[in-house]
Amino acid sequence: MKTAKRRSHKSGLAPGTLVHIGEQKTEKMLITHIEYDETSYEMRELEVLRECLPYKDKPSVTWLNIEGLHDVSAIEEMSSCYGLHPLTMEDILNTEQRPKVELFENYIFFVIKMISYDTQNRKLIMEQVSLILCGNTVITFQEKGGDVFDPVRKRLKNNKGLIRKSGADFLAYALLDAVVDEYFGILEKIGDDIEEVEELLLVKPSTDTLRQIHTLKREIISLRKSVWPLRDIISKLEHDATEMISANTRLYLRDLYDHTIQVIDGVETFRDMISGMLDIYLSSVSNRMNEVMKVLTIFASIFIPLTFIAGLYGMNFNTGKSPFNMPELNWYFGYPFALGLMVATAAALLLYFRRKKWF
Amino acid sequence: MKTAKRRSHKSGLAPGTLVHIGEQKTEKMLITHIEYDETSYEMRELEVLRECLPYKDKPSVTWLNIEGLHDVSAIEEMSSCYGLHPLTMEDILNTEQRPKVELFENYIFFVIKMISYDTQNRKLIMEQVSLILCGNTVITFQEKGGDVFDPVRKRLKNNKGLIRKSGADFLAYALLDAVVDEYFGILEKIGDDIEEVEELLLVKPSTDTLRQIHTLKREIISLRKSVWPLRDIISKLEHDATEMISANTRLYLRDLYDHTIQVIDGVETFRDMISGMLDIYLSSVSNRMNEVMKVLTIFASIFIPLTFIAGLYGMNFNTGKSPFNMPELNWYFGYPFALGLMVATAAALLLYFRRKKWF
Amino acid sequence: MKTAKRRSHKSGLAPGTLVHIGEQKTEKMLITHIEYDETSYEMRELEVLRECLPYKDKPSVTWLNIEGLHDVSAIEEMSSCYGLHPLTMEDILNTEQRPKVELFENYIFFVIKMISYDTQNRKLIMEQVSLILCGNTVITFQEKGGDVFDPVRKRLKNNKGLIRKSGADFLAYALLDAVVDEYFGILEKIGDDIEEVEELLLVKPSTDTLRQIHTLKREIISLRKSVWPLRDIISKLEHDATEMISANTRLYLRDLYDHTIQVIDGVETFRDMISGMLDIYLSSVSNRMNEVMKVLTIFASIFIPLTFIAGLYGMNFNTGKSPFNMPELNWYFGYPFALGLMVATAAALLLYFRRKKWF
Amino acid sequence: MKTAKRRSHKSGLAPGTLVHIGEQKTEKMLITHIEYDETSYEMRELEVLRECLPYKDKPSVTWLNIEGLHDVSAIEEMSSCYGLHPLTMEDILNTEQRPKVELFENYIFFVIKMISYDTQNRKLIMEQVSLILCGNTVITFQEKGGDVFDPVRKRLKNNKGLIRKSGADFLAYALLDAVVDEYFGILEKIGDDIEEVEELLLVKPSTDTLRQIHTLKREIISLRKSVWPLRDIISKLEHDATEMISANTRLYLRDLYDHTIQVIDGVETFRDMISGMLDIYLSSVSNRMNEVMKVLTIFASIFIPLTFIAGLYGMNFNTGKSPFNMPELNWYFGYPFALGLMVATAAALLLYFRRKKWF
Amino acid sequence: MKTAKRRSHKSGLAPGTLVHIGEQKTEKMLITHIEYDETSYEMRELEVLRECLPYKDKPSVTWLNIEGLHDVSAIEEMSSCYGLHPLTMEDILNTEQRPKVELFENYIFFVIKMISYDTQNRKLIMEQVSLILCGNTVITFQEKGGDVFDPVRKRLKNNKGLIRKSGADFLAYALLDAVVDEYFGILEKIGDDIEEVEELLLVKPSTDTLRQIHTLKREIISLRKSVWPLRDIISKLEHDATEMISANTRLYLRDLYDHTIQVIDGVETFRDMISGMLDIYLSSVSNRMNEVMKVLTIFASIFIPLTFIAGLYGMNFNTGKSPFNMPELNWYFGYPFALGLMVATAAALLLYFRRKKWF
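Chains as they are written, first to last, in my numbering: chain A, 2 to 360; chain B, 2 to 360; chain C, 2 to 360; chain D, 2 to 360; chain E, 2 to 360.
Shown next, in the form of structure tokens:
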């Protein structure tokens with residue numbers, strides 16, 4: 002819903018007009034500049050974006066990470082510096098994009114969704130990450146600082162794995178990989194929630210359980226919306242962007258593609274399980290109604306006949322005037338007889354319901 | 002439904018016969034003629050369509066906007082002037098078209114749906130817009146005047162963005178873009194309604210809520226019918242109309258395509274949410290029935306046994322004649338005993354229902 | 002169902018054996034022969050099919066319309082005359098075909114379904130029309146005479162539109178167009194029925210309404226079965242039959258294709274609406290049950306306690322023997338007290354149910 | 002289920018090992034050998050398969066029909082004689098194949114399902130037929146003798162239609178056609194059953210009806226599993242097996258393809274109808290519950306208040322001691338008043354329920 | 002769920018890092034080395050993986066089976082020896098892969114799922130098998146030892162079928178075939194369970210039955226997840242891996258493909274049946290509620306009127322004071338009349354319910 006709400010503020014502006022759409026999630030824009038090759042590694046925080054320009058044509062790989070998107074003019078500056086299309090800049094600033102990849106002549110641009118779980122408010126938080134791969138430079142734009150990219154930074158610093166030996170395309174892959182790895186954690190969290198709700202369903206289903214099921218359903222829907230396009234993105238990177246992505250990195254992308262399919266598989270399985278939970282919930286509601294009805298029926302069916310018998314002998318026919326008028330009332334064992342009749346009736350009915358396996 | 006109803010009036014006529022199908026939504030046909038290039042901009046209202054002919058072969062871009070479709074002969078005149086196919090003219094006049102694009106040898110023709118929200122009658126209003134891109138001329142046909150195209154007019158006037166620097170194909174794109182931007186507003190409005198109905202569902206679901214859910218469902222269906230074909234239209238424009246649409250405009254069309262996908266995503270999410278709301282509604286009906294049943298069962302199960310006890314001691318066995326006949330009635334504490342028996346019975350039953358967590 | 006039933010009579014015969022499958026819907030076979038070119042127009046009724054042979058090689062367009070299919074030998078004669086394949090003849094005589102198009106070397110054959118609404122029996126009537134386009138001759142086979150083709154005949158006679166100026170392919174198109182136009186009328190009729198049933202649903206849903214919903218559903222299913230294949234037929238005509246269909250007619254076929262899509266859209270929308278109506282029906286059944294339960298619960302929950310109180314003071318404890326035995330019965334205001342207790346109980350319960358918003 | 006059960010007996014054997022999987026449905030293996038060309042026709046029963054070898058290279062068409070599959074060695078013999086692949090032989094012996102076609106270098110092999118209706122046990126019987134088209138020889142394998150191929154034999158004998166004039170490919174087509182013709186009969190039978198159950202649904206739905214609906218559903222599912230692959234088989238024969246199938250036979254295959262589509266259409270329509278029947282059944286269950294509830298509510302709501310009134314005047318307040326204590330009991334018209342009160346109450350309630358249209 | 006849970010432990014590591022993900026299912030890693038050609042067969046257990054290296058370039062076929070995946074360094078050793086890509090090694094160690102095939106320049110790698118049924122805990126056990134076909138060597142990795150491959154070993158030893166005469170590609174096929182054969186057994190087991198639950202459904206449906214239905218549904222879902230990808234794997238092997246797989250083996254793969262389709266067919270049929278069982282369960286719950294309601298209604302509707310009559314004659318109108326006040330009480334046959342009235346009422350009601358076919 003937010004998508005529509007905020008997006009409509011922009012309606013009427015010329016396409017390509019740079020406006021930041023979305024919440025401002027961080028106070029100050031933070032620019033981290035990492036430069037590395039197989040032997041050297043340097044990381045600095047920049048005050049102004051333009052400080053990074055001199056590094057543009059160096060042979061080493063440059064990673065420029067920008068956190069916070071509200072300083073529109075600074076970002077616009079970059080546009081002209083790296084020769085980005087105005088529409089790309091517009092997409093970066095609009096944080097309600099759908100995940101997508103776009104191949105331009107001199108760069109690849111893609112938008113993905115980073116998902117984290119806010120344990121305090123118990124809900125998923127989605128953050129947009131834009132990534133530009135342009136020659137030997139990777140530029141990433143985040144709405145606010147996060148620690149998803151930290152493992153990549155560490156591997157860069159400690160020169161672990163292939164990352165320092167490979168080009169900017171491998172760095173782009175590694176960042177994508179870090180995001181997809183996060184999805185597994187989210188899946189795990191949702192899986193735990195599903196198990197919890199399933200146990201609740203068996204023990205004590207309530208309207209609250211129904212609400213939890215629907216919350217889970219929504220989380221799955223929003224996860225789905227982030228993951229499905231990812232599949233196309235990676236497939237497109239692997240098959241169409243042959244010039245900018247090396248054969249080796251493509252092998253890794255194929256692996257990442259498999260991981261994405263795995264996440265999608267998990268999401269779809271959860272969808273199936275949640276719809277099964279709805280079935281169980283609804284049939285448990287029916288079962289409980291059945292229970293209630295049985296209790297009512299047993300009580301009513303036993304006591305109404307008894308009350309009738311009691312009422313019978315409460316009638317005021319003048320017994321003295323005619324031998325036909327309620328001779329039972331005058332019997333010596335009249336009362337025990339009536340009580341016995343009642344007990345027999347109750348026992349017969351109890352037996353009847355027992356036979357029907359109602360209790 | 003309207004589609005069928007009105008459409009059938011035409012059945013039996015030769016294809017290509019020009020008849021205006023649909024309501025007449027404006028009194029007078031209004032023709033606005035805008036001519037511009039990078040340096041100049043001129044806007045006039047024409048009395049007669051033929052006034053625009055002299056501009057036809059000028060190098061500047063011409064935008065001819067026609068509001069009101071009932072003057073069939075005037076529109077027919079244009080047909081011959083711009084070399085339009087009779088079927089195109091027929092489609093323009095039939096306001097119950099499905100959104101579509103058609104590529105002719107010398108022009109591109111497409112039909113789209115403009116959607117606005119009538120706040121007074123609380124319903125969606127759909128208006129058909131036909132657009133012809135023919136050389137450096139764009140001709141738009143609207144059923145009645147609206148303000149969706151106003152932002153484009155303003156940008157033309159104030160020379161904002163690329164629009165004055167680009168050709169007629171960019172103008173066509175800008176108009177399409179304006180329509181799609183409107184859809185975001187409609188989505189937002191429907192999103193608000195959904196949230197409202199969802200709250201109602203939790204607080205006090207009624208048959209009225211059900212009706213609202215179905216109204217929302219219908220709005221989503223009709224929005225869907227307008228948006229899905231749009232996707233194919235833009236894709237076709239981007240990929241097939243290579244001669245009439247420049248490479249630069251195609252980049253913008255790709256962007257527009259993404260927006261359309263975003264609208265479709267929103268529509269589909271809403272569909273999911275609405276079907277979830279139906280589930281909740283139905284299970285809330287069941288739950289309420291459960292509640293009602295519980296109240297009945299508790300009342301009946303407690304008071305029927307009590308009434309039985311009261312009935313028991315209301316029997317008229319002649320107590321004097323036999324020591325077995327209801328000695329309780331003669332006990333000193335008979336009545337308190339009976340009352341106690343009742344209270345104990347009621348307490349036991351209350352405890353029983355408490356145990357079952359029925360209240 | 003009929004399809005299967007009648008079709009099986011033929012099982013075991015050699016393929017290509019000519020047998021008329023289906024009801025005989027008209028008494029006499031009627032052959033109308035129309036010959037025209039841009040300047041001349043001639044229409045005659047033939048006694049025998051072979052009378053049309055001399056016109057076969059004329060340059061003017063010939064339209065042969067045959068109503069009634071039971072005279073198998075006459076139709077067989079035509080087969081040899083126009084060089085039709087035995088399977089084509091078999092398909093023409095089997096009136097339970099699925100709509101389809103078949104391209105032969107020297108002719109195009111297609112089968113479509115004409116649908117009309119029988120206002121007396123309130124049901125859809127389906128009639129099969131076979132059409133052969135063979136050089137400059139069009140041959141149509143109808144089960145019985147209808148007026149669907151009348152507008153085409155009029156246009157031919159009055160030389161309206163392109164029809165007299167164009168070839169046999171355009172005539173074939175015009176006839177197809179006439180059939181599709183009929184579908185709009187049927188859609189309109191079903192749309193009216195749906196609206197009617199929807200109002201019934203809101204006012205007084207009954208099992209009868211359910212039956213009407215299912216009748217509508219069936220009509221939609223059978224309409225669907227006729228319309229969906231039509232789409233493929235027209236698409237195939239437009240794209241594959243390039244030799245026999247001129248470029249101009251192809252433009253018109255594209256238009257017809259759009260109309261077919263529009264009918265399909267309508268059919269699908271109706272399907273959605275009908276399934277929505279089922280939802281409403283089912284939830285209205287639940288709601289009514291809820292209502293019934295509430296009435297029962299209110300009555301029972303109010304009067305059972307009152308009856309208990311009455312029963313209480315109907316007990317026969319000997320009041321004289323002990324001050325504890327029902328002193329109320331001897332109070333001066335005992336009866337008003339009991340009545341007051343009853344009124345208070347009833348009022349409290351009414352208030353309770355009022356609070357629960359049960360009435 | 003059977004598929005899995007029996008199939009697993011074979012697990013662990015080398016692929017290509019010949020084992021007969023399935024029931025032995027006939028006692029003796031029966032080999033019929035038919036040889037024909039346009040002028041001659043000869044039919045013999047063979048004792049041993051090898052008797053047919055001399056005919057192998059004759060120009061006339063040979064049809065070898067084998068009934069009973071348990072004599073594995075005899076069938077193995079044929080394998081070497083006609084140069085069949087071991088996997089083909091394995092597929093022939095495994096009677097739980099899915100319908101399929103396989104093109105080998107020198108022959109075409111396909112498996113189809115013959116369905117017949119066992120009127121005694123009221124269930125569908127499925128029999129597997131394997132067919133090999135190898136040069137001018139057609140070999141068919143049946144589990145047991147049936148009369149589905151009888152019409153083809155008669156046509157061969159009586160030289161009806163094209164069959165004697167055409168090659169082995171046409172014979173293969175004719176046999177396929179005979180099987181598909183059988184499907185129409187099965188469809189008809191299921192259609193009759195559906196109509197029967199539908200009437201039951203309207204008159205007196207019971208759990209038994211539900212069971213019948215599910216039996217129908219299963220029959221449709223199993224029919225579906227036989228028919229859907231058939232479509233691919235015929236399409237593959239028509240388009241891929243260009244060397245072994247003549248152009249003329251291909252025309253007939255196209256026709257057969259249409260018949261298959263017709264059967265599929267019927268099957269899908271029945272699926273829709275059956276799911277509609279489930280809807281009706283479920284809502285009829287709800288309706289009956291509604292009925293029951295109404296009866297209960299009317300009885301309880303009318304008689305409980307009356308019983309209360311009766312209970313009221315059954316209270317034992319000492320009327321003599323106070324003028325307030327139940328003066329009604331002493332009124333001259335007390336009893337008629339009470340009776341009147343009761344009648345009035347009952348009438349009011351009846352009117353109330355009448356207003357609610359409960360009866 | 003497990004997939005996500007364990008998978009997330011790895012998040013943050015460099016891609017290609019070798020970590021064993023999954024339970025350690027066996028204590029010691031077991032390496033079996035089989036070498037064979039048409040004439041010779043040798044099988045040994047290796048202590049160290051490197052012992053197998055000398056056999057690498059021999060012309061005979063080598064099958065290396067490794068059970069247990071926890072000895073990461075040993076497996077890494079193999080990586081370098083056979084020139085495997087790090088990602089392949091990573092996939093082998095991660096036992097929560099989705100079934101897939103990957104073609105590398107010098108080898109084919111695929112992952113499949115072996116499924117067995119644990120009769121003690123009554124649940125499916127899934128084990129991952131990775132297979133590498135590299136020249137004339139096949140390497141298989143299992144989580145723990147199993148007997149699924151035993152039949153293949155026996156055939157190798159006893160030189161049965163084609164296996165010893167064919168290359169490593171046929172061995173790979175034979176192993177795949179063994180796994181698919183296992184699936185038939187699992188299908189059979191699930192089929193038996195379904196039949197059992199179906200009988201329970203008809204005899205005595207309970208919430209326990211519902212739980213069993215859902216267990217079955219889950220098993221089917223997990224089987225589905227293993228089987229569907231298998232289809233793509235085999236299809237890819239058959240069509241893309243033309244260099245490493247011989248034409249003859251491809252024929253066998255086509256056969257295996259058919260088996261896989263058969264398993265998929267079975268799985269989908271079971272899905273349909275299980276959803277049908279849910280329908281029956283839910284409607285049986287409704288039916289039972291109906292039953293309960295009928296019992297209640299019959300008891301209440303018969304005895305409440307009787308109680309009313311009894312209550313009527315329990316009223317205390319002073320009969321002496323007025324001839325209108327309850328003269329029945331003084332009639333000679335008053336009591337028999339009242340009893341008769343009751344019996345008549347009860348009989349009439351019983352008749353009424355009998356008419357309604359309630360019992």
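The beta carbon of each residue, even a glycine, is placed where N, CA and C say it ideally should be.
Query, Result
"So the beta strand (DSSP E) T141/A belongs to, where does it begin and stop?", "T138 to Q143"
"What are the boundary residues of the beta strand (DSSP E) that includes S131/D?", "K124 to C135"
"Specify the secondary structure class of W332/C as computed by DSSP and reduced to three states.", "coil"
"According to DSSP, which residues form a beta bridge with L104/D?", "I109/D"
"Do you know how far the Cα of E128/B is from the Cα of I1/B?", "Lying outside 2 to 360, the shown extent of chain B, residue 1/B is not represented and no answer is given."
"At a Cβ cut of 9 Å, what residues of the stretch 236-265 of chain C count as close to chain B, listed as they run along the chain?", "L252, Y253, R255, D256, L257, D259, H260, I262, Q263 and V264"
"Taking the Cβ atom as the reference point for each residue, do I191/B and A175/B lie within a distance shorter than 8 Å?", "no"
"Between the beta-carbon of T333/D and the beta-carbon of S323/E, is there less than 8 Å?", "In the sequence as displayed, the identity of residue 333/D is Tyr instead of Thr. Yes, the pair counts as a contact, with Cβ atoms nearer than the cut-off."
"Quick one: which unbroken beta strand (DSSP E) runs of 3-plus residues sit fully inside the stretch 130-217 of chain B? Chain order, please.", "138-143"
"For chain A, check one thing: does any of its Cβ atoms lie closer than 8 Å to the Cβ of R123/E?", "no"
"Taking Cβ-Cβ distances below 7 Å as the criterion, which residues of the stretch 295-316 of chain A are in contact with chain E?", "K295, L297, T298, A301, S302, I305, P306, T308, F309, G312, L313, G315 and M316"
"Just to confirm before moving on: does the CB-CB distance between L279/A and D194/B stay below 8 Å?", "no"
"With a cut-off of 8 Å, does the C-beta of T270/E fall near any C-beta of chain D?", "yes"
"To which residues does DSSP link Y37/E through a beta bridge?", "Y42/E and V62/E"
"If you measure beta-carbon to beta-carbon, which residues of the stretch 327-342 of chain E are closer than 7 Å to chain A?", "L330, N331, Y333, F334, G335, Y336, P337 and A339"
"Would you report the Cα separation of S131/B and N137/C, rounded to the nearest angstrom?", "37 Å"
"Where DSSP assigns a beta bridge to S287/C, which residues make up the other side?", "Paired residue(s): none; S287/C is not in a bridge."
"Hey, is the stretch 222-242 of chain E in contact with the stretch 97-105 of chain E, meaning 3+ C-beta pairs nearer than 8 Å?", "yes"
"With a 10 Å radius around its C-beta and 16 neighbouring C-beta atoms as the bar for buried, classify G312/C as buried or exposed.", "buried"
"What's the call for E111/D, buried or exposed, on a 16-neighbour Cβ count within 10 Å?", "Correcting the residue type first, residue 111/D is Phe in the shown sequence and not Glu. With 16 or more other Cβ atoms within 10 Å, it is buried."
"Let's see if you can read the secondary structure: which residues bound the alpha helix (DSSP H) around A242/E?", "Taken as a continuous stretch (DSSP letters only), A242/E belongs to no alpha helix (DSSP H), as it is neither H nor E."
"Strictly under 8 Å for the Cβ-Cβ distance: is M290/C near chain B by that measure?", "yes"
"What residue range is occupied by the uninterrupted alpha helix (DSSP H) comprising C82/B?", "V73 to Y83"
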